[in-house]
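Let me begin by presenting the structure, written as structure tokens, before commenting on it.
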Amino acid sequence: MNPSTAQAMVIVDELVRNDVRHVVVCPGSRNAAIAMALHEAAGAGRLTMHVRIDERSAGFLALGLAKASGRPAAVACTSGTAVANLHPAVLEAFHSGVGLLLLTADRPPELHGTGANQTIDQRGLFGPAAVPVEFPVAERREGQNQVWRGLVCRAVAQAEAGRPVQVNMPFREPLVPTFEPRWPEPLEGRPEGLRWTTSAAPVTMAGSRVDFPLPARTLMVVGSGRDDRARAAAAVAASAGWPAVAEPSGQAAALAGGAAVLRCGALLLAAGELPVSLRPEAVIVVGRPTLSRGVRGLMGRAPVYGIGDHPQWTDPQYVATHVRGWLDLDDMSRVDGVDPGWLPAWRDADAAAVDAVEKLLAEQEWPTGLRIAAEVLDALPAGAALFLGSSNPVRDVDLVAEPRSDVVIHANRGVAGIDGNVSTAAGMALAADRPAYALIGDLTLLHDLNGLLVGPPERRPDLTIVVHNDDGGGIFTLLEQGAAEYQPSFERVFGTPHGADLESLCRGYHVAYTRAGTADELRAALTPRRGLRVVEVRSDRALLRDLHARLRATVADAALR
Numbered sequence: 202m203n204p205s206t207a208q209a210m211v212i213v214d215e216l217v218r219n220d221v222r223h224v225v226v227c228p229g230s231r232n233a234a235i236a237m238a239l240h241e242a243a244g245a246g247r248l249t250m251h252v253r254i255d256e257r258s259a260g261f262l263a264l265g266l267a268k269a270s271g272r273p274a275a276v277a278c279t280s281g282t283a284v285a286n287l288h289p290a291v292l293e294a295f296h297s298g299v300g301l302l303l304l305t306a307d308r309p310p311e312l313h314g315t316g317a318n319q320t321i322d323q324r325g326l327f328g329p330a331a332v333p334v335e336f337p338v339a340e341r342r343e344g345q346n347q348v349w350r351g352l353v354c355r356a357v358a359q360a361e362a363g364r365p366v367q368v369n370m371p372f373r374e375p376l377v378p379t380f381e382p383r384w385p386e387p388l389e390g391r392p393e394g395l396r397w398t399t400s401a402a403p404v405t406m407a408g409s410r411v412d413f414p415l416p417a418r419t420l421m422v423v424g425s426g427r428d429d430r431a432r433a434a435a436a437v438a439a440s441a442g443w444p445a446v447a448e449p450s451g452q453a454a455a456l457a458g459g460a461a462v463l464r465c466g467a468l469l470l471a472a473g474e475l476p477v478s479l480r481p482e483a484v485i486v487v488g489r490p491t492l493s494r495g496v497r498g499l500m501g502r503a504p505v506y507g508i509g510d511h512p513q514w515t516d517p518q519y520v521a522t523h524v525r526g527w528l529d530l531d532d533m534s535r536v537d538g539v540d541p542g543w544l545p546a547w548r549d550a551d552a553a554a555v556d557a558v559e560k561l562l563a564e565q566e567w568p569t570g571l572r573i574a575a576e577v578l579d580a581l582p583a584g585a586a587l588f589l590g591s592s593n594p595v596r597d598v599d600l601v602a603e604p605r606s607d608v609v610i611h612a613n614r615g616v617a618g619i620d621g622n623v624s625t626a627a628g629m630a631l632a633a634d635r636p637a638y639a640l641i642g643d644l645t646l647l648h649d650l651n652g653l654l655v656g657p658p659e660r661r662p663d664l665t666i667v668v669h670n671d672d673g674g675g676i677f678t679l680l681e682q683g684a685a686e687y688q689p690s691f692e693r694v695f696g697t698p699h700g701a702d703l704e705s706l707c708r709g710y711h712v713a714y715t716r717a718g719t720a721d722e723l724r725a726a727l728t729p730r731r732g733l734r735v736v737e738v739r740s741d742r743a744l745l746r747d748l749h750a751r752l753r754a755t756v757a758d759a760a761l762r
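Going by the working numbering, the sequence shown opens with residue 202, and the numbers climb by one from there.
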């Protein structure tokens with residue numbers, strides 16, 4: 202056994218012992234030893250291996266696997282720019298608090314700075330976004346087994362704490378198994394499959410608790426983040442009679458905690474000045490809300506109390522009065538009574554807003570992004586998993602869809618780009634033992650089209666991807682650059698029409714395709730089925746800005762006057 206093969210076999214064995222269940226492998230030369238060791242472990246049923254040819258898509262596939270499984274997932278690649286292609290997924294994982302293991306093969310030190318092909322300084326390439334774990338070059342000598350296993354344990358422990366970890370492995374040739382003398386020391390791990398080094402489990406409750414008064418007229422906002430934190434805080438809202446505005450990725454946890462989640466809460470906050478009966482004395486922000494300008498506009502009008510991660514709490518406007526790590530029913534003594542009219546006032550406003558929204562949307566010619574969002578969420582089977590694209594789809598669900606406690610919603614909200622959304626959704630589907638769906642835009646699909654590329658030997662996700670195709674960047678229509686005075690530059694620079702034939706693209710990737718031309722056809726296409734498929738719904742984004750303006754005005758007239 203040669204040194205590279207020995208080291209790779211030990212690394213993979215210790216990954217399995219550390220309960221790393223999913224590994225995505227990209228083909229390459231320098232990572233041959235680790236790829237072959239992973240293939241052997243997968244063949245023995247010790248882990249699940251997924252092979253992808255595009256490192257960027259592979260990184261996001263691992264991200265989706267980690268999100269849905271709740272365990273760190275790994276991605277293995279060769280050296281050079283292959284490593285750099287993982288960077289977008291690393292940034293998303295870092296800002297989302299998701300553990301990833303980046304198994305990056307490297308050239309040995311003597312090749313650095315020599316002009317050797319495919320050799321860059323990839324140590325610490327991801328900067329503060331990934332914890333570096335640098336492996337020594339394997340040599341034919343004793344005393345290395347415990348070093349290799351200990352380093353793997355350190356890497357997994359960091360990933361279990363919600364950090365991406367770069368495990369950089371310089372391999373010398375030969376990179377494939379060879380017939381060489383017996384290895385000079387045993388390479389076994391601990392007895393009974395135990396980790397080489399066990400460590401304390403990640404802390405599940407922050408040490409800092411609420412130590413200040415909480416007004417009776419408090420509004421709770423729940424963003425993305427830890428489900429246990431959101432459930433605990435939502436239980437306080439339920440007991441104290443506070444309304445809750447929950448973004449899609451936080452809705453299930455908020456509902457599980459018993460909070461009164463408003464269906465049109467984000468719309469109410471965006472529609473105009475709140476009447477006196479709805480003005481909060483405090484806003485409690487749980488996790489990381491990123492979607493609604495209405496929510497951001499509320500900040501600073503009342504004291505803001507954050508319940509989030511330390512020291513990276515969410516407060517981009519610098520208005521937070523207090524930030525703590527945890528809020529649960531043990532803190533009810535901090536609540537300054539219950540206002541019996543507070544929650545009913547918000548529920549009445551929400552009901553009026555819902556009626557107005559449903560009437561307005563029903564009057565629109567089908568489809569609109571808002572109708573698609575509401576209908577997709579309503580039609581999903583109980584227990585489904587849904588991934589929402591980072592552009593308009595997640596915002597459309599946030600604005601008008603009925604919150605559901607029986608649908609698990611995932612979204613890439615770390616840095617909120619459309620990069621890798623298809624692959625993240627595929628990873629979610631592969632790790633989730635439930636019907637899986639995604640709702641994304643056309644540019645999101647095109648940006649990660651290789652997420653549809655699954656080779657014949659690979660397990661295909663059972664995933665239905667609904668693509669709302671408005672031929673370009675619909676979200677920019679709703680932003681400042683979508684105003685009439687900027688029309689001369691808008692269409693080419695922001696609208697970016699592409700005219701892509703999605704059906705032909707799907708055919709080229711051997712992915713089933715359906716076009717839904719009516720609401721009934723869309724609902725029928727959402728019936729759970731095996732395999733990967735795309736459902737396209739086309740609309741005209743030219744009408745989008747006016748529709749959203751009328752939506753806000755309608756809600757203001759119905760609920761805020």
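Think of the CB as a built atom: it goes at the ideal place given N, C-alpha and C, for glycine as much as any other residue.
For Arg716, the enclosing beta strand (DSSP E) has its first and last residue at Ala713 to Arg716.
About 6 Å separates the CB atoms of Ser591 and Gly618; that is less than 8 Å, so the two are in contact. Between Ala331 and Val291, the beta carbon gap of about 5 Å places them in contact (Cβ cut-off 8 Å).
In this structure, Val353 lies near Asn219, with their beta-carbon atoms less than 8 Å apart. The residue from Leu463, Leu679 and Thr515 with its alpha-carbon nearest to that of Ala546 is Leu463. In the three-state reduction of the DSSP assignment, Cys278 falls in the strand class. Exclusion of the five residues before and after Ile676 leaves Ser592 and Asn593 as the residues of its chain whose Cβ lies within less than 7 Å of its Cβ. Of the candidates Val217, Val524 and Asp741, Val524 places its Cα closest to the Cα of Asp412. With respect to the C-alpha of Gly674, the residue from Ser297, Ala743, Val437 and Arg762 having the closest C-alpha is Ala743. Judged by DSSP in its simplified three-state form, Phe413 adopts coil rather than helix or strand. Leu239 has its alpha-carbon roughly 46 Å from the corresponding atom of Arg693.
Between the region 636-647 and the region 713-720 there are fewer than three C-beta pairs closer than 8 Å, too few to call the two in contact. Taking 8 Å as the upper bound for CB-CB distance, Ala356 and Val368 are in contact here, some 5 Å apart.
Nearest to Pro476 by C-alpha distance, out of Val487, Leu499, Arg494 and Gly451, is Leu499.
Under the three-state reduction of DSSP output, Tyr638 falls in the strand class. Nearest in C-alpha terms to Ala453, of all of Pro228, Ser606 and Ile254, is Ser606. Residue burial annotation: Glu576 is buried, with at least 16 other C-beta atoms found within 10 angstroms of its C-beta. Here DSSP, grouped into helix, strand and coil, assigns Gln319 to coil. In the structure shown, Phe327 falls within a coil segment according to DSSP collapsed to helix, strand and coil. Excluding residues up to 5 positions away in sequence, Arg661, Asp663 and Ala713 lie with their Cβ nearer than 7 Å to the Cβ of Gly732 in the same chain.
Shown here, Ala563 sits in a helix according to DSSP, grouped into three states.
If you ignore the 5 residues before and after His223, its C-beta comes within less than 6 Å of the C-beta of Thr249, Leu266 and Ala274, all in its own chain and listed in chain order. The continuous stretches of alpha helix (DSSP H) do not include Thr665, which lies in the beta strand (DSSP E) extending over residues Leu664 to Asn670.
Taking the CA atoms as reference points, Ala455 sits about 36 Å from Arg253.
Assignment of Thr398 by DSSP, reduced to helix, strand and coil, places it in the coil class. Taking a contact to require three or more Cβ pairs closer than 8 Å, the region 694-709 and the region 285-299 do not qualify as touching.
The distance from the Cβ of Arg410 to that of Val211 is about 43 Å, inconsistent with a contact at the 8 Å cut-off.
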